[in-house]
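Here's the structure, in structure tokens; my notes come after.
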Amino acid sequence: MSNAPLASGRHPSGAVTDRVRVRRKPDRGHYDRATIDAILDAALLAHVGFVQDGQPYVIPTLCWRDGDRVYWHGSAASRMIRVVESGAPVCLTVSLIDSIVLARSAMNHSTDYRSVVVLGVATPVLGDDKVRALDKLVDSVVPGRAATLRPTTAKELKATAVVSLSLDEASAKVRAVGVLDDPGDETWPVWAGTVPVRLAFGSPIAAADLPAGIGVPENVRRLGER
Ligand SMILES: Cc1cc2nc3c(=O)[nH]c(=O)nc-3n(C[C@H](O)[C@H](O)[C@H](O)COP(=O)(O)OP(=O)(O)OC[C@H]3O[C@@H](n4cnc5c(N)ncnc54)[C@H](O)[C@@H]3O)c2cc1C
């Protein structure tokens, strides 16, 4: 069977394509949806890569997952949105640093991390699907908040574009091994170990013009547990 991906990015067998097979440290590569979904769901931020006129651009943007697709949004006038909506190939990446790894040699310093790379062609999300997707963006951060908000106006919807990318052709890479020193280095007299890194939500700060009597809702309070 050819290694060339189909238009869908999948072999007819459903196997992982060559384009997303992790070659460097292949034991750290994962292709199951449970691993990929968990990393995407833990991330707030993605980087969207595309090429325009031969020049690669990698643009940071919020992202969220719904089912089998990853979504992002932007101003309808944004260059990034216009290029990806035109059918340009896209590479979306999310990465989470879990620890810095302090080894006994500079060479073996590292990070424990989780990351996902998704390849494909993005699809514009339109009509009621766009409204649902934007609600999902809010709810993916603060569950249940979308239903409590002032409804989005037609003008706001027109100014906002939403696109999505199938998770058909995706890889995860996970390093979770801590210190990996060379044999013999363990006796070198320097501290070695890991320092956890966390994306942490702080205490909510009310808007200066918040009317009296509106307290911090439970779903906002719970962000601190995320
Ligand atoms: C937070 C963080 C920090 C890192 N720091 C470094 C660093 O300092 N130096 C360094 O060399 N590497 C670092 N890496 C690993 C880096 O992302 C690449 O995996 C590595 O550089 C090999 O790249 P490659 O293109 O040669 O991989 P290849 O294995 O040739 O890539 C083949 C395919 O594997 C998949 N793939 C590769 N890397 C990843 C990934 N990270 N996540 C998901 N899929 C992937 C892609 O689909 C890619 O097309 C870091 C990763 C993370 C998440």
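Numbering-wise, this note's numbering puts 1341 at position 152 of the sequence shown, and it's gapless, one number per residue.
Glycine included, C-beta positions come from ideal geometry on N, C-alpha and C.
Would you check whether ligand 1 has a heavy atom nearer than 7 angstroms to the C-beta of Ala1361? Looking up residue 1361 in the sequence shown gives position 172. Answer for Ala1361: yes, Cβ within range of ligand 1.
With burial defined as no fewer than 16 other Cβ atoms inside 10 Å of the residue's Cβ, what is the status of Lys1344: buried or exposed? Looking up residue 1344 in the sequence shown gives position 155. By the neighbour-count rule (16 or more Cβ atoms within 10 Å), Lys1344 is not buried but exposed.
Close Cβ partners of Asp1182 (< 7 angstroms) along its chain, the five nearest in sequence each way excluded: There is simply no residue 1182 to check, as the chain begins at 1190 and stops at 1415 in what is shown.
CA-CA distance, Pro1313 and Leu1338? For this step, residue 1313 is matched to residue 124 along the sequence shown. For this step, residue 1338 is matched to residue 149 along the sequence shown. Their backbone Cα atoms lie some 24 angstroms apart in a straight line.
Within 10 angstroms of its Cβ, does Leu1354 collect 16 or more other Cβ (buried), or is it exposed? For the purposes of this step, residue 1354 is taken as the residue at position 165 of the sequence shown. Classification for Leu1354: buried.
Taking Arg1410 as part of the alpha helix (DSSP H), name the residues at either end of that continuous run. Against the sequence shown, residue 1410 aligns to sequence position 221. From DSSP, the alpha helix (DSSP H) with Arg1410 extends over 1407 to 1410.
Taking 7 angstroms as the cut-off, is the C-beta of Thr1300 nearer than that to any heavy atom in ligand 1? Residue mapping note: residue 1300 aligns to position 111 of the sequence shown, counting from 1. Answer for Thr1300: yes, Cβ within range of ligand 1.
Identify, in the order they occur along the chain, each residue of the same chain with its Cβ nearer than 6 angstroms to the Cβ of Ser1299, setting aside the five sequence neighbours on each side. In the sequence shown, residue 1299 corresponds to position 110, counting from 1. So the list reads Val1290, once near-sequence residues are dropped.
Considering only their Cβ atoms, is the gap separating Ala1235 from Asp1274 smaller than 8 angstroms? Counting from 1 along the sequence shown, the entry for residue 1274 is found at position 85. Counting from 1 along the sequence shown, the entry for residue 1235 is found at position 46. The question names Asp, yet the displayed sequence has Glu at residue 1274. Their beta carbons are not under 8 angstroms apart, which means Glu1274 does not touch Ala1235 by this criterion.
I'd like the span of the alpha helix (DSSP H) that includes Ala1295, first residue to last. Taking the sequence shown and counting its residues from 1, one reaches residue 1295 at position 106. Taken as a continuous stretch (DSSP letters only), Ala1295 belongs to no alpha helix (DSSP H), as it is neither H nor E.
Taking the runs of the beta strand (DSSP E) that are 3 residues or longer, which of them lie wholly in the segment 1286 to 1349? 1299 to 1310, 1312 to 1314
Burial state of Tyr1246, where buried means 16 or more other Cβ atoms lie within 10 Å: By one-based count along the sequence shown, residue 1246 stands at place 57. By the 10 Å Cβ count, Tyr1246 comes out exposed.
Using the C-alpha atoms, what's the distance from Val1272 back to Arg1222? As a working note, residue 1222 is residue 33 in the sequence shown. As a working note, residue 1272 is residue 83 in the sequence shown. Computed Cα separation, rounded: 28 angstroms.
With 16 as the cutoff for other CB atoms within 10 Å, does Asp1207 come out buried or exposed? On the sequence shown, residue 1207 is found 18 positions in, with the first residue counted as 1. Burial call: exposed.
Please state if the CB of Val1306 and the CB of Ala1359 are separated by a distance shorter than 8 angstroms. As a position in the sequence shown, residue 1359 is number 170, starting the count at 1. As a position in the sequence shown, residue 1306 is number 117, starting the count at 1. Contact: yes.
Closest to Gly1316 by C-alpha separation, out of Ala1295, Arg1293, Val1352, would be which residue? By 1-based counting over the sequence shown, the position of residue 1316 is 127. Checked all of Ala1295, Arg1293, Val1352; the closest Cα to Gly1316 is Val1352.
Quickly, what does DSSP pair Thr1282 with across the bridge? List them, please. The count along the sequence shown starts at 1 and reaches residue 1282 at position 93. Answer is His1236, Val1306, bridged to Thr1282.
Per the DSSP calculation, Leu1354 is bridged to which residue(s)? By 1-based counting over the sequence shown, the position of residue 1354 is 165. BP columns for Leu1354 point to Val1259.
Is Thr1376 helix, strand or coil by DSSP? Residue numbering aside, residue 1376 sits at position 187 when the sequence shown is read from its first letter. DSSP places Thr1376 in helix when its eight states are reduced to three.
Would you say Ser1284 touches ligand 1, meaning its beta carbon is less than 7 angstroms from a heavy atom? The sequence position of residue 1284 within the sequence shown is 95, counting from 1. Because some heavy atom of ligand 1 lies under 7 angstroms away, the Cβ of Ser1284 counts as near it: yes.
How about Gly1218 and Cys1280: are their beta carbons less than 8 angstroms apart? Locating residue 1218 in the sequence shown gives position 29, where the first residue counts as 1. Locating residue 1280 in the sequence shown gives position 91, where the first residue counts as 1. No; because the gap between Cβ atoms is not below 8 angstroms, this pair is not in contact.
Among Ala1295, Lys1319, Ile1270, Arg1303, nearest to Ser1284 - alpha-carbon criterion: As a working note, residue 1284 is residue 95 in the sequence shown. Taking only the C-alpha atoms, the option nearest Ser1284 is Arg1303.
What is the DSSP secondary structure of Pro1245, counted as helix, strand or coil? Walking along the sequence shown from the start, residue 1245 turns up at place 56. DSSP places Pro1245 in strand when its eight states are reduced to three.
Between Gln1244 and the rest of its own chain, which residues show a CB-CB distance below 8 angstroms, the 5 nearest in sequence each way excluded? Taking the first residue of the sequence shown as 1, we reach residue 1244 at position 55. Cβ within range, chain order: n/a, list empty.
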